[in-house]
Amino acid sequence: EVDKMYQDINHFVGEWLSAFKKDQRHSLHIAIGCTGGKHRSVYIANKLFANFFNPKSQVTIRHRDINH
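So the sequence shown is numbered by the numbering used here: it starts at 1 and just counts up by one.
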């Protein structure tokens, strides 16, 4: 279930990322949430970060609720 969710989100972001670049947009914010903010959302956000990280782009990740 979680892997399917990741695949769907990854596909969606990948499809739209080229359109954002083409339109010369400078930022794209992606938020992933789950009930507690400590398991599924962290896992998916980390996988998305690893997949879309590019040293030439400023890609950052922040886990809002992981320490609460």
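Every residue gets a Cβ at the ideal spot worked out from N, C-alpha and C, and that includes glycine.
If you're wondering where the values come from, they're calculated on a predicted model, not measured in any experiment.
CA-to-CA distance, residue j to residue i, given in whole angstroms
i     : j     : result
Ile30 : Val59 : 11 Å
Lys22 : Leu28 : 13 Å
Tyr6  : Ser57 : 22 Å
Lys4  : Arg25 : 28 Å
Glu15 : Gly36 : 28 Å
Asp8  : Lys47 : 12 Å
Sequence-distant residues of the same chain with beta carbon closer than 6 Å to residue i, five excluded per side
i     : result
Phe49 : Ile61
Cβ pair residue i, residue j closer than 8 Å
i     : j     : result
Arg40 : Val2  : yes
Ile32 : Ala19 : no
Asn10 : Asn54 : no
Selected residue, minimal CA-CA separation from residue i, among the options
i     : options                       : result
Asp65 : Leu28, Cys34, Asp23 and Asn10 : Cys34
8 Å Cβ shell around residue i - same chain, five flanking residues per side excluded
i     : result
Val42 : His63 and Ile66
Proximal residues to residue i (C-beta, below 7 Å), its chain only, five neighbours per side dropped
i     : result
Lys38 : Asp65 and Ile66
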